[in-house]
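Take a look at the structure set out below.
2 protein chains.
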Amino acid sequence: MAGKSYPGAMSASPTPPPTPSATEAAPDSEWLRLDRQICFSLNAASRAFNGVYRVILKDLGLTYPQYLVLLVLWEHGDLPVKKLGERLRLDSGTLSPLVKRLEAAGLVTRERSAHDERSVQVRLTGQGAALRERALEVPRRIAAATGFELAEIGELRERLDRLTDALDAAALAEAPGPR
Amino acid sequence: MAGKSYPGAMSASPTPPPTPSATEAAPDSEWLRLDRQICFSLNAASRAFNGVYRVILKDLGLTYPQYLVLLVLWEHGDLPVKKLGERLRLDSGTLSPLVKRLEAAGLVTRERSAHDERSVQVRLTGQGAALRERALEVPRRIAAATGFELAEIGELRERLDRLTDALDAAALAEAPGPR
DNA sequence: CACAATTAAATTGTGTACAACTAAATGGCC
DNA sequence: GGCCATTTAGTTGTACACAATTTAATTGTG
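These protein sequences, in sequence, are chains C and S. Each residue of the first sequence is one higher than the last, beginning at 1 in our numbering. Each residue of the second sequence is one higher than the last, beginning at 1 in our numbering.
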């Protein structure tokens, strides 16, 4: 078995037996349960999104992270890898090979900056810039796939961003590292 | 550069220039913009969660997906790989190596079922079952890290699950596969 | 100017995700 | 009983993520 078959892939929100026994002890089990719901739901939604993008972006020969890089370049023009990483919250370990694949696909070029030999400038090629035309229909198809109203999407986004900020701050606070 | 440093890692919700020009043309750019927000926010939140779990679970020697597998086993008892996949929405390509790593860590055993030689039963070892005790504090620490009220978490979860369902359905409809 | 600290990319290694494929076992159906 | 479709795991190959390390360039300081 493999691929896209989850025979029992019932709703992501099965809400199993409402609670083993709302009154009975097991407050710890409850917590383990709840916790699974939040992060798991998030994770599942993220992967589901990825699945839809995978289907839609296949025509363009892009993966979702590659599409994100191009979105940034289309919006802001050529950028060094560092800036891309800041915008996308990705580090060089992820971006270096990813950008190389975009280069191999003929969508961008990479060259060290003249002022600062440490920096690598990522530039859209004509082909990479042209791809934007074909990408214009992607957002509409994605929005349609969610079946959400724009307002609801916005609200969800606001919460997610707030969550991300809180989690980032907590990770820093929690980290044992020097601060 | 690598690791956890995003020097410009400003808020995930910077809400840049509210809009290049709310009235001006560029409805397509707007869409490209918006779309990035939804899926990107989701993706960022998911990775941020992962980061917090990574820190908290390091003591237990677990990754987040491994923790999810154990959560399911703690809750439902021993299960075949298939059932694990249904609960977690993961296929054998992901679960096979993951479960093997749990086995290597001495937390579970894998053995083919007697009734059905195709099926592989994943069983908690004493050590795996015992780890639950140490995991009990994880949810509380995670909940604290989000800084969210329980009610808000629940609401968010409900939306995410609805989103996942919609996206799964859309992926099926969008897929070129035989139907 | 010299030199330590910092910075930007790249590299290495581990661990998911997932598509595509393989192999073995099971279940109908004639 | 023989045979084919289905089911369950596992394998292979590609592509992220990210920690840790490495290399080269730059900067700050005395």
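We treat Cβ as the ideally placed atom computed from N, Cα and C, and that holds for glycine.
*Flag this pair as touching only if the segment 40-52 of chain C and the segment 87-94 of chain C have three or more C-beta atom pairs under 8 Å; answer yes or no.*
no
*I think GLY61/C touches ALA105/C, with their Cβ atoms under 8 Å apart; what is that distance to the nearest whole Å?*
For this step, residue 61/C is matched to residue 61 along the first sequence. For this step, residue 105/C is matched to residue 105 along the first sequence. Correct: roughly 7 Å between the Cβ atoms.
_Min CB distance PRO207/S to chain C below 9 Å_ = For chain S, the structure presents residues 1 to 179; residue 207/S sits outside this window and is missing.
*Using the Cα positions of GLY154/S and ALA114/S, report the straight-line distance between them to the nearest angstrom.*
Taking the second sequence and counting its residues from 1, one reaches residue 154/S at position 154. Taking the second sequence and counting its residues from 1, one reaches residue 114/S at position 114. In a straight line, the C-alpha of GLY154/S is about 41 Å away from that of ALA114/S.
*Residue range of the alpha helix (DSSP H) that GLU86/S falls in?*
The residue you call residue 86/S lines up with position 86 of the second sequence. Where GLU86/S is concerned, the enclosing alpha helix (DSSP H) stretches over 81-88.
*Answer with yes or no whether the minimum CB distance from PRO139/S to chain C is below 9 Å.*
Translated into positions along the second sequence, residue 139/S becomes position 139. True, the Cβ-Cβ gap to chain C drops below 9 Å.
*Would you check if the segment 156-172 of chain S and the segment 145-160 of chain C touch, i.e. whether three or more CB-CB distances between them fall below 8 Å?*
yes
*Touching or not, the segment 63-76 of chain S and the segment 109-129 of chain C, by the rule of three or more beta carbon pairs under 8 Å?*
no
*Looking at chain C, which residues of the segment 97-130 of chain S have a Cβ within less than 7 Å of any of its Cβ atoms?*
none
_So the candidates are LEU167/S, ALA145/S and VAL138/S; which of them puts its Cα closest to the Cα of ALA169/C?_
In the first sequence, residue 169/C corresponds to position 169, counting from 1. The shortest Cα separation from ALA169/C among LEU167/S, ALA145/S and VAL138/S belongs to ALA145/S.
*On the three-state DSSP scale, how would you describe ARG110/C?*
As a first step, residue 110/C is located in the first sequence; it is residue number 110 there, counting from the start. Reduced to three states, the DSSP call for ARG110/C is strand.
*Kindly identify the DSSP beta-bridge partner or partners of GLN121/C.*
Residue 121/C sits at position 121 when you count from the first residue of the first sequence. In the DSSP assignment, GLN121/C is bridged to PRO80/C and GLU111/C.
*Which of helix, strand or coil DSSP assigns to LEU42/S*: Residue mapping note: residue 42/S aligns to position 42 of the second sequence, counting from 1. When DSSP states are grouped into helix, strand and coil, LEU42/S belongs to the helix group.
*Compute the Euclidean distance between the alpha carbons of GLU133/C and ALA143/C, then round it to the nearest angstrom.*
Locating residue 133/C in the first sequence gives position 133, where the first residue counts as 1. Locating residue 143/C in the first sequence gives position 143, where the first residue counts as 1. Distance between the alpha carbons of GLU133/C and ALA143/C: 18 Å.
*Where does LEU62/C sit, in a helix, a strand or coil, going by DSSP?*
In the first sequence, the residue the question calls residue 62/C occupies position 62. DSSP places LEU62/C in coil when its eight states are reduced to three.
*Closest Cβ-Cβ distance between VAL55/S and chain C: below 9 Å?*
Here residue 55/S refers to the residue found at position 55 of the second sequence. Taking Cβ atoms only, chain C reaches closer than 9 Å to VAL55/S, which makes this a yes.
*For VAL52/S, which residues from the same chain have a beta carbon less than 6 Å from its beta carbon, with the 5 sequence-adjacent residues on both sides left out?*
Mapped onto the second sequence, residue 52/S falls at position 52. Excluding sequence neighbours, VAL52/S sits near ALA145.
*Go through its chain and collect everything with a Cβ distance to GLU111/S's Cβ below 8 Å, but skip five positions before and after it.*
Numbered from its first residue, the second sequence carries residue 111/S at position 111. The residues are VAL120, GLN121 and ARG123.
*In or out: PRO97/C buried (at least 16 other Cβ within 10 Å) or exposed?*
Within the first sequence, residue 97/C is the residue found at index 97, counting from 1. Exposed, because fewer than 16 other Cβ atoms sit within 10 Å of the Cβ of PRO97/C.
*Any Cβ of chain S within less than 9 Å of the Cβ of ARG159/C?*
If you number the first sequence from 1, residue 159/C lands on position 159. Chain S, which has a Cβ nearer than 9 Å to the Cβ of ARG159/C, makes this yes.
*Please classify THR164/S: is it buried, with 16 or more other beta-carbons within 10 angstroms of its beta-carbon, or exposed?*
In the second sequence, the residue the question calls residue 164/S occupies position 164. THR164/S comes out buried.
*asked:* Taking a contact to mean a Cβ-Cβ separation below 9 Å, would you say LEU107/S touches THR125/S in this structure?
replied: Stepping through the second sequence from its first residue, residue 107/S is reached at position 107. Stepping through the second sequence from its first residue, residue 125/S is reached at position 125. In this structure, THR125/S lies closer than 9 Å to LEU107/S by Cβ.
_My output table needs one value for ASP116/S: the three-state DSSP class, helix, strand or coil._
Start at 1 with the first residue of the second sequence, and residue 116/S comes out as number 116. Taken through DSSP and simplified to helix, strand or coil, ASP116/S comes out as coil.
*asked:* I believe ALA166/C touches GLY147/S by the beta-carbon criterion, under 8 Å. Please report the beta-carbon distance rounded to the nearest angstrom.
replied: The count along the first sequence starts at 1 and reaches residue 166/C at position 166. The count along the second sequence starts at 1 and reaches residue 147/S at position 147. Indeed, because the Cβ distance is near 4 Å, the residues count as touching under 8 Å.
*Round the Cβ separation of LEU102/S and GLN66/S to the nearest angstrom and send it over; I've been treating them as touching at under 8 Å.*
To locate residue 102/S, count along the second sequence from 1; it is residue 102. To locate residue 66/S, count along the second sequence from 1; it is residue 66. Going by Cβ atoms, the distance from LEU102/S to GLN66/S rounds to 6 Å, so yes, they are a contact pair.
*Give the range of the alpha helix (DSSP H) segment to which ALA170/C is assigned.*
Within the first sequence, numbered from 1, the residue matching residue 170/C stands at position 170. Per DSSP, ALA170/C belongs to the alpha helix (DSSP H) from 150-174.
*Check the Cβ-Cβ distances between THR63/S and every residue of chain C, and say whether any is below 9 Å.*
The residue labelled residue 63/S in the question sits at position 63 within the second sequence. No, its Cβ sits nowhere closer than 9 Å to a Cβ of chain C.
*Consider the Cβ of VAL184/C: report whether some Cβ of chain S lies at a distance smaller than 9 Å.*
Since the first and last residues shown for chain C are 1 and 179, residue 184/C lies out of range.
*Which whole-angstrom value is the C-beta distance of ALA171/C and VAL55/S, which I expect to be below 8 Å?*
Against the first sequence, residue 171/C aligns to sequence position 171. Against the second sequence, residue 55/S aligns to sequence position 55. Going by Cβ atoms, the distance from ALA171/C to VAL55/S rounds to 6 Å, so yes, they are a contact pair.
*Answer yes or no: does any C-beta atom of chain C fall closer than 9 Å to that of GLN37/S?*
What you label residue 37/S is simply residue 37 of the second sequence in a count that begins at 1. So yes, GLN37/S belongs to the interface.
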